[in-house]
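Working notes, beginning with the structure itself.
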DNA sequence: TCCAATTCCGATGAAATCACTAGAATTTAG
DNA sequence: CTAAATTCTAGTGATTTCATCGGAATTGGA
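Residue numbers (our numbering), protein chains in the order written: chain A, 654 to 800; chain B, 654 to 800.
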């Protein structure tokens with residue numbers, strides 16, 4: 654039960670885009686620099702984000718990526734699922750039952766419920782929440798004292 | 654964010670022991686057979702369970718493992734943490750701040766909270782809960798109709 | 001005492017994940 | 001049109017996790 658680097662890096666990249674909304678597209682290089690991520694690996698991670706329809710790409714010079722829709726409309730579960738591929742791939746082979754106790758399936762009794770808890774947690778939060786929290790923390794860290 | 658086989662196999666092994674409480678110790682071979690787990694790998698997983706004080710071993714012929722304390726006193730978090738090693742090993746390097754936005758740390762703002770949610774979920778359940786649920790499912794699947 | 005059943009320990013192979021490299025395709029700017 | 005910037009794709013190491021193997025140490029029973 655650990656958090657993959659795919660999820661962590663992917664989330665950082667999406668946050669970078671959320672913080673930059675409105676201006677020109679951000680290149681992978683810029684995202685990697687801002688978030689301290691390995692550039693070439695990030696390039697690889699952003700592909701599933703594009704395929705999932707979470708970001709939009711612009712090729713060529715001055716190209717890059719922007720969020721495909723408003724940060725309010727992208728849940729953190731969208732992001733994690735895009736880069737990790739549905740996570741619950743541990744399909745349960747209940748019918749056969751060989752590895753299960755008769756009439757009892759640990760996958761269903763425990764792990765699916767845990768997954769549901771995690772999904773609920775992530776689905777209840779959007780990129781906008783993260784963005785706003787980041788902005789609030791930034792302004793608190795560097796308040797303007799000029800009167 | 655996926656569930657490791659260490660956690661899944663370790664949990665199954667512990668459940669097997671919880672269901673067997675009171676009789677002779679279970680050997681790794683027996684546990685592996687009952688739960689359909691790779692025997693040699695399980696042997697490797699049970700070592701951290703022993704070191705964490707969750708199971709007690711008896712060496713030699715007729716040896717094996719028993720729960721070190723009552724199933725009611727072993728939370729699922731105890732089990733997962735024993736086999737996975739605290740899970741939150743993603744120590745945050747906030748002070749330096751290089752990979753973080755100024756005054757904002759995604760590890761703390763998101764992943765630590767998610768971890769806390771998972772920990773709460775697992776800590777609120779004990780092996781006894783799983784055992785009782787398994788027993789209930791078994792008797793429901795094979796009810797006694799003799800009057 | 002000897003044998004079989006075990007735990008226990010270390011090494012090795014196999015598969016997945018993490019990360020980098022190289023280069024083709026595409027687009028903007030001059 | 002050319003050059004630079006960039007996405008996009010495929011392939012290759014490096015590292016971690018998953019799983020097996022071999023064998024030493026320990027214990028109960030014949």
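Here a beta-carbon is modelled for each residue, glycine too, at the ideal position from N, C-alpha and C.
Within-9 Å CB hit, residue 722(A) to chain B:
no
Skipping 5 residues on each side, what residues in its chain have a beta carbon closer than 8 Å to that of residue 708(B)?
Excluding residues within five positions, the ones whose Cβ falls inside 8 Å are 667, 670, 699, 702, 718, 719, 720 and 721.
Output yes or no for whether 9 Å exceeds the beta carbon distance between residue 654(A) and residue 737(B).
yes
Counting along the chain, where does the beta strand (DSSP E) carrying residue 709(A) start and finish?
708-711
Residue from 694(A), 769(A), 778(A) and 680(A) whose Cα sits closest to the Cα of residue 727(A):
778(A)
With residue 720(A) as the anchor, note down where its beta strand (DSSP E) starts and where it stops.
717-720
In terms of DSSP beta bridges, what is residue 702(B) paired with?
According to DSSP, which records beta bridges pairwise, residue 702(B) is partnered with nothing at all.
Environment of residue 734(A) [buried if 16+ CB atoms lie within 10 Å]:
buried
Range of the contiguous alpha helix (DSSP H) that encloses residue 663(B)
658-672
Proximity below 9 Å, CB of residue 724(A) to CB of residue 756(B):
no
Start-to-end residues for the alpha helix (DSSP H) that takes in residue 774(B)
For residue 774(B), the uninterrupted alpha helix (DSSP H) run begins and ends at 765-776, by DSSP.
Counterpart residues of residue 679(B) in DSSP-defined beta bridges
718(B)
Would residue 716(B) pass as an interface residue toward chain A - the criterion being a Cβ-Cβ separation below 9 Å?
no
Could you have a look at residue 781(B) and say whether DSSP puts it in helix, strand or coil?
helix
Contact belief for residue 732(A) with residue 663(A) at Cβ below 8 Å, rounded distance in angstroms
The Cβ separation is near 6 Å, so the contact holds.
Between residue 735(B) and chain A, is there a C-beta pair that is closer than 9 Å?
no
Excluding five sequence neighbours on each side, which residues of the same chain lie with their C-beta closer than 7 Å to the C-beta of residue 775(A)?
A distance below 7 Å between beta-carbons, with the five flanking residues on each side excluded, links residue 775(A) to the following residues of its chain, in chain order: 728, 729, 730 and 733.
Nearest CA to the CA of residue 661(B): which residue from 679(B), 689(B) and 673(B)?
689(B)
Please list, in chain order, the chain B residues whose beta carbon lies closer than 9 Å to that of residue 676(A).
In chain order: nothing, as chain B lies at least about 17 Å away.
So with CB distances below 7 Å, who are the chain B contacts of residue 665(A)?
759
For residue 683(B) and residue 762(B), the rounded distance between their alpha carbons
44 Å
Using a Cβ-Cβ cutoff of less than 6 Å, which residues in the same chain neighbour residue 781(A) once the five nearest sequence positions on both sides are dropped?
724 and 725
If you draw a straight line from the alpha carbon of residue 659(B) to that of residue 767(A), how long is it in whole angstroms?
In this structure, the alpha-carbon of residue 659(B) lies about 16 Å from that of residue 767(A).
Can you give me the start and stop residues for the alpha helix (DSSP H) that residue 729(A) sits inside?
729-737
Own chain partners of residue 696(B) with C-beta closer than 7 Å, once the 5 adjacent residues on each side are dropped
681
Counting only beta-carbon separations shorter than 9 Å, does residue 786(A) have a partner in chain B?
yes
Can you pull the chain A residues whose beta carbon is under 7 Å from the beta carbon of residue 790(B), in chain order?
Within 7 Å of the CB of residue 790(B), the CB atoms of chain A belong to 756 and 757, in sequence order along the chain.
Span separating the alpha-carbon of residue 672(A) from that of residue 758(B):
14 Å
Taking the DSSP output, what are the residues bridged to residue 655(A)?
655(B)
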